[in-house]
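Peer 1: Please read through the structure below; I'll follow up with questions.
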Amino acid sequence: MTQTIVRNGTVVSLDPDVGEFDEADVLIEDGEIVDVGTGLSASNAEEIDAAGKIVVPGFVDSHIHLAQTQVRGIAGDWSLMGEYFDDMLGNITGLYQPEDMYLGGLFGAFEKLHTGTTTALDWSYPNTLEHGERAVDALKDAGLRAVYTYGPPGDDAAKWWFESDVGLPEEKIRALREEKIRDDDRLSLALGLRGPDFCTEETAREDLELARDLGVLSTIHMGAALWPSSEYGGDYQGFGCIEDMLGPDVNVAHGNHFSQEDVDHAVEQGVSFSSTPEVEMQMGHGIPVTGKVLEAGGRPTWGVDVCSNVSGDMGSQMRIGMQLQRMFDNQKILEGDEEVTEVSVSARDTLEMATIEGAKALGLDDEIGTITPGKRADLVLFDADDFMTAPSHSPIQTVVFQADPSHIDTVLVDGEVVKRDGELTNPKVDEEFDRFVASGERLLDEAGIDL
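In short: position in the sequence shown from 1, add 895, done, that's this note's numbering.
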C-alpha cells in the first residue's frame, strides 16, 4: 500500500459534509482519499508540505480539443462560421497523421496538468482507428484523467458535417474501447455527436442510440451557430429530432441559441451543458448558455474548447464565465433603473462549476470533483504566500481571482504527483518537445496557412 499525506494545507473540499479547514491534512492510500482532518498520521507515508498552500480539487474541463495544441496561436482572429470551419475542419484536421494526434494530445494534456486541470473531456476527430489509438496513448503517457471522445473523422468536412447522412464508425469505436480504454482506470469513452445541427435526423438519432448501446456519454456540439435554421429563416430549432432522447447521459457543448424553454426541458431531463465562454465570445457563437441553465435550476460547467486560439487554462474560463454572467445580470438591473446591490454568481459557484459540476457532467462525480474520503486523490496546491496572492483572506477568492498557473505548486492525479515545485515531473515534456514543434510547423505548411 502506497500512502501520501498532504500536510498542513488550507483545504477547500467543496464537500459540505467535509467542510473547509484553515490547516488540515489529506491522507491518501493507493490513490484514494481516506481521511481529511488535523494531525493525521500514517507510517512510511510520503509527506507533501502544504503549509502556505490552498488545496482544492483538480479542475475538470468538460470540453476541449486537445489535438489542436500544436497549432495554437493561429485562430485568435478567426470566427466559427468563417475561417474555423474552412481552415480547421475543412483543411488542417484532414492533414493530421497519427503522430500529430499523439503530439498534440500529449502537450495539450501537459498544459492541462500544468494549469491545474486533472480531468478533461478530449473531443477528438480521429481520421482512422490508428489516429484514435495514438490520441489515447497521449492521454495515458501524460497521466491525465480523461474522457476520450470519439467524434467524426476530420478527413472530409463535406462527408461528416452539415447534412451528413454518415454515422459514426461503430466498429472502430468498439475496437478502440476494447484495446485501449476499458482496462485503464483514468480513462473512459464518450461519443462526440454532431446532432441535428450538422447531420440528418436519422443519423443524429442513430449516433445517440449507438452511445446508449455502448453505455457511454454523448456530447453534442449544438446551438453554437444559427445553422441550419438561418439557412431557411426563422429561429434556431433547438433539439429537434432528439428531443425525446434526452437524459443524464447527454452533454451539450455550447447551446448558445437554445430558447429558455429548450434549456428548461433539457435540465429537467438531466442534460448537462458545457459553456466555453472565451471562445464563444470571440467566434460568434452568441451569448453563453450559463444564465439560461441557472434560470432552469441547473448548473453549467466550464470548458476551454478550441486551444488553437485560447490557452488551456481553466482558471481563465471560470473567471471569464462568471464575470460575463454577472455583467449580463447587472445590466438587466441597471436597465430597470435600479442599482446593483449584490452579484448573481459567487466565486464558490464558479469554482464548483470548474470541479464538481464538471465531474457530474462527465459521470465521474462518485470519483472526483471534491476532496472527499472514498474519492480519488486529484488535488491542486496553490501558493497562497506569494506576493500576488497574500494575504489570503478568502481561499476560494484567492484561487478564483488572484491566482494564475504560476501559483500552482503541486498537482496530483490519482494520488500520483504529476507537478512538483511548479514543474511537471514527466520526462516526455523535454523528450518530445522538438517533435511537437515540428508537427505544428508541418501542419501549417501543408495547409498553406500563412499568418
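Glycine included, every Cβ here is placed at the ideal spot set by N, Cα and C. Just so you know, these numbers come straight off a predicted model, no measurement behind them.
#1: Apply the 10 Å Cβ neighbour rule to Arg1403 and answer buried if 16 or more other Cβ atoms are within range, or exposed otherwise.
#2: Give the C-beta separation of Arg1029 and Tyr997 to the nearest angstrom, bearing in mind that I take them to be a contact with Cβ-Cβ under 8 Å.
#3: Leaving out five residues on either side along the sequence, give the residues of the same chain with a beta carbon under 8 Å from the beta carbon of Asn903.
#4: What distance in whole Å lies between the Cβ atoms of Val1042 and Leu1071, which are believed to be in contact at a cut-off of 8 Å?
#5: Do Lys1323 and His1009 have their C-beta atoms within less than 8 Å of each other?
#6: Taking only runs that begin and end inside the stretch 1137-1185, name each unbroken alpha helix (DSSP H) of 4 or more residues, in chain order.
#7: Under 8 Å, do Leu1088 and Ile1115 count as touching if we go by C-beta distance?
#8: For Gly1135 and His1152, what's the separation of their Cα atoms in angstroms?
#9: Please classify Val1332 as buried or exposed, where buried requires at least 16 other C-beta atoms within 10 Å of its C-beta.
#10: So, do the stretch 1298-1306 and the stretch 1262-1282 have three or more beta carbon pairs nearer to each other than 8 Å?
#11: Along the chain, which unbroken stretches of the beta strand (DSSP E) at least 3 residues long are found entirely within the stretch 961-1032?
#12: Considering Lys948, what are the terminal residues of the beta strand (DSSP E) in which it resides?
#13: With DSSP as the reference, identify every bridge partner of Ala1041, one or two as the case may be.
#14: For Phe1384, which three-state DSSP category applies?
#15: Any C-beta of chain B sitting closer than 8 Å to the C-beta of Arg1089?
#16: Could you pull the start and end residues of the alpha helix (DSSP H) that Thr899 belongs to?
#17: Could you give the residue range of the beta strand (DSSP E) that holds Asp931?
#18: Taking C-alpha atoms, which residue in Leu1141, Gln1177, Gly1186, Glu1234 lies nearest to Gln1155?
#19: So, for Met1140: in the same chain, excluding its five sequence neighbours on each side, which residues have a beta-carbon less than 6 Å away from its beta-carbon?
#20: Using three-state DSSP, classify Phe1282 as helix, strand or coil.
#21: Tell me whether the beta-carbon of Ser1334 lies closer than 8 Å to the beta-carbon of Glu994.
#22: Write down the C-beta distance between Gly1062 and Ser1019 rounded to the nearest angstrom, noting that I regard them as a contact closer than 8 Å.
#23: Take the Cβ of Glu1097 as the centre, count every other Cβ of all protein chains shown within 10 Å, and call the residue buried at 16 or more, exposed below.
#24: Given a threshold of 16 other Cβ atoms within 10 Å of its Cβ, counted over all protein chains shown, does Glu1234 qualify as buried or as exposed?
Peer 2: Inspection of the coordinates gives the following:
#1: The question about residue 1403 has no answer, for the chain in this structure spans 896 to 1346.
#2: Working through the sequence shown from its first residue, we reach residue 1029 at position 134. Working through the sequence shown from its first residue, we reach residue 997 at position 102. The C-beta separation of Arg1029 from Tyr997 comes to about 4 Å, placing the pair in contact by the 8 Å criterion.
#3: Stepping through the sequence shown from its first residue, residue 903 is reached at position 8. Cβ within range, chain order: Glu918, Ala919, Asp920, Asp944, Ala945, Ala946.
#4: Within the sequence shown, numbered from 1, the residue matching residue 1071 stands at position 176. Within the sequence shown, numbered from 1, the residue matching residue 1042 stands at position 147. That belief does not hold up - the Cβ atoms of Leu1071 and Val1042 are roughly 13 Å apart, past 8 Å.
#5: Indexing the sequence shown from 1 puts residue 1323 at position 428. Indexing the sequence shown from 1 puts residue 1009 at position 114. No.
#6: For the stretch 1137-1185, whole alpha helix (DSSP H) runs of length 4 or above, ordered along the chain, are 1155-1163, 1172-1178.
#7: Taking the sequence shown and counting its residues from 1, one reaches residue 1088 at position 193. Taking the sequence shown and counting its residues from 1, one reaches residue 1115 at position 220. Between Leu1088 and Ile1115, the gap from beta carbon to beta carbon is short of 8 Å.
#8: Counting from one through the sequence shown, the residue named residue 1135 turns up at place 240. Counting from one through the sequence shown, the residue named residue 1152 turns up at place 257. One C-alpha to the other measures close to 13 Å.
#9: Taking the sequence shown and counting its residues from 1, one reaches residue 1332 at position 437. By the neighbour-count definition (other C-beta atoms within 10 Å, threshold 16), Val1332 is an exposed residue.
#10: Yes, they touch.
#11: Here the runs fully enclosed are 1012-1019.
#12: Locating residue 948 in the sequence shown gives position 53, where the first residue counts as 1. For Lys948, the uninterrupted beta strand (DSSP E) run begins and ends at 948-952, by DSSP.
#13: Looking up residue 1041 in the sequence shown gives position 146. Residue pairing by DSSP places Ala1041 opposite Ala1015, Leu1082 in a beta bridge.
#14: The structure shown has nothing for residue 1384, since the chain only spans 896 to 1346.
#15: Note that chain B does not occur in the displayed structure, where there is just one protein chain.
#16: As a first step, residue 899 must be located in the sequence shown, where it is residue number 4. Here Thr899 belongs to no alpha helix (DSSP H); instead the beta strand (DSSP E) covers 898-907.
#17: For this step, residue 931 is matched to residue 36 along the sequence shown. This sequence places Val at residue 931; Asp is not what is there. From DSSP, the beta strand (DSSP E) with Val931 extends over 927-932.
#18: Here residue 1155 is taken as the residue at index 260 of the sequence shown, counted from 1. For the residues Leu1141, Gln1177, Gly1186, Glu1234, the minimum Cα distance to Gln1155 belongs to Gly1186.
#19: Counting from 1 along the sequence shown, the entry for residue 1140 is found at position 245. Hits under 6 Å: Leu1103.
#20: Here residue 1282 refers to the residue found at position 387 of the sequence shown. Reduced to three states, the DSSP call for Phe1282 is coil.
#21: Numbered from its first residue, the sequence shown carries residue 1334 at position 439. Numbered from its first residue, the sequence shown carries residue 994 at position 99. Yes, these two residues count as a Cβ contact at 8 Å.
#22: For the purposes of this step, residue 1062 is taken as residue 167 along the sequence shown, with counting starting at 1. For the purposes of this step, residue 1019 is taken as residue 124 along the sequence shown, with counting starting at 1. Rounded, the Cβ-Cβ distance is 17 Å, inconsistent with contact.
#23: The count along the sequence shown starts at 1 and reaches residue 1097 at position 202. Glu1097 should be labelled exposed.
#24: Your numbering for residue 1234 matches position 339 in the sequence shown. By the neighbour-count rule (16 or more Cβ atoms within 10 Å), Glu1234 is not buried but exposed.
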